[in-house]
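Chains as they are written, first to last, in the numbering used here: chain A, 1 to 202; chain B, 1001 to 1286.
Where is the CB? At the ideal position from N, CA and C, for every residue including glycine.
Quantities reported herein were computed from a predicted structural model and do not represent experimental measurements.
Below: the structure, in structure tokens.
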Amino acid sequence: MQDMNRPEIRVAQPDPGPVAGEDQDLAFLLAQVARGDHQAFEAVYGQLAGPVYGVVRQVLRDPAQSEEVAQEVLLEVWRSASRFDPARGSGVAWVLTMAHRRAVDRVRSENAGSRREQKVASEAVTEYDDVADTVETSLEGQRARRCLDSLTDLQGESIKLAYYGGYSYPEVAQLLGVALGTVKTRIRDGLIRMRDCMGVMA
Amino acid sequence: MKTSPDNMHVLTGSYALDALDVQERTEFERHLQHCPSCQAEVRGLRETAARLAIARSARPPAQMEQRVLAATYRTRQLPPLPSQRLRRDLRQTRLARLFVGWLATDQPRPDSRPDHRTGRRSGRGRRNGWSNSWLRSPWLAGAVAAASVAVAVGLGITQVSTQHQLDSAQARSAAIAKVLDAPDARIEATQTTAGGAMTVVVSALQREAVVTASGMPSLSSSRVYQVWVMSSSGARSVGLLSSTDHIGELLASGVQSGDKIGITVEPSGGSTRPTTTPVATVPLTT
């Protein structure tokens, strides 16, 4: 009788939180993956392999190396799906943050020290559309590109060099010939402007 | 390179783009733990950065899918983190309402409640031996959830208030979450003589306690429930419980073993010292 008043307390489904419909699906899928569901993982792969491979390749350039890192990232999604916490951000951001960071870590560990700086100094500001042959178009991707184009030149260049180029902000400052503090602020201002342009939920 | 705390906030963008070196990243992450507004901003900027990745989406090599899928069958998965389970529980506001209802009509005596998941019996209001099993205690999960109702209600109310108030509400809920997440957090609970119950989660390490009350009867508009830290040297006020529903959560700082948490009924606005006999006290044996 007392049991009737007693709530059933257990670890329940993660609260999907205020995210877009697609990402609710992804959060749900990731919870399934955490329980060892291979089919759910295939669905996650289907949604995210393109952006993961795309961003890793954008940073690393070398196709073989990119494939290797993309595979590591996707396997890491399988391995650590239980650590995904929907309260802290969307599933897309969780996976793509992991992908980008791993690509950047690969770049930094390979280019440690002065060799990297020399290379940076001699390299022209690269055109970041040159892997366009394999780029897939999605509505969201198009929107992001439009928003990126709406930034000031310095904001846009700083963000592209940092994110797509995988450069640290001091390297970005060096490449663009501007002060460190300027780059830090431009990156932040530009990203905030992009966020507002795309209506990303914070 | 070294960055002063004042300049830390501007690094949110570079952090979200992984454009900090390892040392600065570590420093920033340390700063982030104590900066709820930075956390919120980083979160939004990370989502934005993810869209930059989507804009560069590319078709992976055909054989990659087979390789990855095959690898999953050879790869063991990580278990969830304990603190994450707790955070997840923290968000169960629906659950919390149920729990509050249960507390309000609470008849079962302590020390005989079976754990829903393990089938073991977990003591309630017990002062010793919580050790690590408290993490699996549905009772704590409920109490934590009850605390989160108040946090949620608080945040809901501030929707129409200023950003500053919102920030301080977030900072407070972060401070509360820190106590609930503390490795040595322990739970103490008691019925109040007025009805309803008071629950205290205390961390000796942090010398802080989160006080929640629920199911307490409404008072006339001229009276309020006030929460105190009572020690041998006297009592100091922790704060007033929300008057609308008498569910509240308050953070008591600087507590130590031997102190008691108490609730009294006071004239509206509260008193500087308790003027009535407490309806409940919980000793803190940290």
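Name the DSSP beta bridge partners of residue i, please?
i	result
L1020/B	Answer by DSSP bridge pairing: none, since L1020/B is not bridged.
Q1226/B	L1240/B, T1264/B
E1188/B	V1200/B
V1211/B	V1200/B, L1250/B
A1175/B	According to DSSP, A1175/B bridges with nothing at all.
Please classify residue i: does DSSP put it in a helix, a strand, or coil?
i	result
M98/A	helix
S1237/B	strand
V1283/B	Just to set this straight, residue 1283/B is Pro in the shown sequence, not Val. It is a strand residue.
P1267/B	strand
A999/B	An answer regarding residue 999/B cannot be provided, because it is not within the stretch 1001 to 1286 covered by chain B.
G1262/B	strand
A1252/B	strand
M1216/B	coil
S1014/B	helix
V178/A	coil
Q1206/B	coil
I1232/B	Here the sequence assigns Ser to residue 1232/B, which means Ile is not the residue at that position. The answer is coil: DSSP assigns S1232/B none of H, G, I, E or B.
A1058/B	strand
L139/A	helix
F28/A	helix
N1007/B	helix
R1076/B	coil
H1031/B	helix
R1067/B	helix
G91/A	helix
S1221/B	coil
P1278/B	coil
A34/A	helix
F206/A	In the structure as shown, chain A begins at 1 and stops at 202. Residue 206/A is therefore absent and cannot be evaluated.
S1037/B	helix
A1182/B	coil
For residue i, would you say it is in contact with chain A, using Cβ-to-Cβ distances shorter than 8 Å as the test?
i	result
E1047/B	yes
I1054/B	yes
P1278/B	no
V1200/B	no
T1285/B	no
A1175/B	no
Q1033/B	no
L1081/B	yes
R1223/B	no
T1212/B	no
A1185/B	no
A1019/B	yes
R1059/B	yes
Cβ of residue i less than 8 Å from any chain B Cβ?
i	result
T185/A	yes
V69/A	no
R106/A	no
Q58/A	yes
S203/A	There is no way to answer for residue 203/A, as the model of chain A reaches only from 1 to 202.
L74/A	yes
A49/A	yes
R79/A	yes
E42/A	yes
R61/A	no
G54/A	yes
E157/A	no
My understanding is that residue i touches residue j, with C-beta atoms under 8 Å, so please give their C-beta distance in whole angstroms.
i	j	result
V52/A	L74/A	6 Å
V33/A	A99/A	With 8 Å as the limit, V33/A and A99/A do not qualify as a contact, their Cβ atoms being about 16 Å apart.
V95/A	L48/A	5 Å
V1229/B	D1259/B	5 Å
R1043/B	G199/A	Rounded, the Cβ-Cβ distance is 15 Å, inconsistent with contact.
A1209/B	V1200/B	5 Å
Q1077/B	W78/A	7 Å
Q1226/B	S1214/B	Actually they are not in contact, since the Cβ atoms of Q1226/B and S1214/B sit about 16 Å apart, beyond 8 Å.
P1061/B	G50/A	12 Å between Cβ atoms; not a contact.
Q1018/B	V104/A	First, the amino acid is wrong: residue 1018/B is Asp here, not Gln. Contact flag correct, Cβ pair sits at about 5 Å.
R102/A	E67/A	With 8 Å as the limit, R102/A and E67/A do not qualify as a contact, their Cβ atoms being about 13 Å apart.
E1249/B	I1176/B	6 Å
M1198/B	A1252/B	With 8 Å as the limit, M1198/B and A1252/B do not qualify as a contact, their Cβ atoms being about 12 Å apart.
G1013/B	R188/A	3 Å
Y169/A	V1068/B	Not confirmed; about 32 Å, so no contact.
Kindly indicate if chain C contains any beta-carbon less than 8 Å away from that of residue i.
i	result
M98/A	Among the chains of the structure shown, chain C does not appear; the protein chains present are A and B.
For the ligand HEM, I want to know if residue i counts as a neighbour, meaning its beta carbon is within less than 7 Å of at least one of the ligand's heavy atoms.
i	result
K1260/B	Ligands in the displayed structure: none, and consequently the ligand HEM is not present.
Flag this pair as touching only if the region 180 to 195 of chain A and the region 1020 to 1035 of chain B have three or more C-beta atom pairs under 8 Å; answer yes or no.
no
Quick check: the region 141 to 157 of chain A against the region 1045 to 1064 of chain B, are there 3 or more CB pairs under 8 Å?
yes
Check whether the region 1218 to 1235 of chain B and the region 1262 to 1275 of chain B touch, using three or more Cβ-Cβ pairs below 8 Å as the test.
yes
Taking 8 Å as the cut-off, does the region 1225 to 1239 of chain B touch the region 1181 to 1190 of chain B (at least 3 CB pairs, one atom from each stretch)?
no
Would you call the region 70 to 86 of chain A in contact with the region 1074 to 1082 of chain B, where contact means no fewer than 3 C-beta pairs closer than 8 Å?
yes
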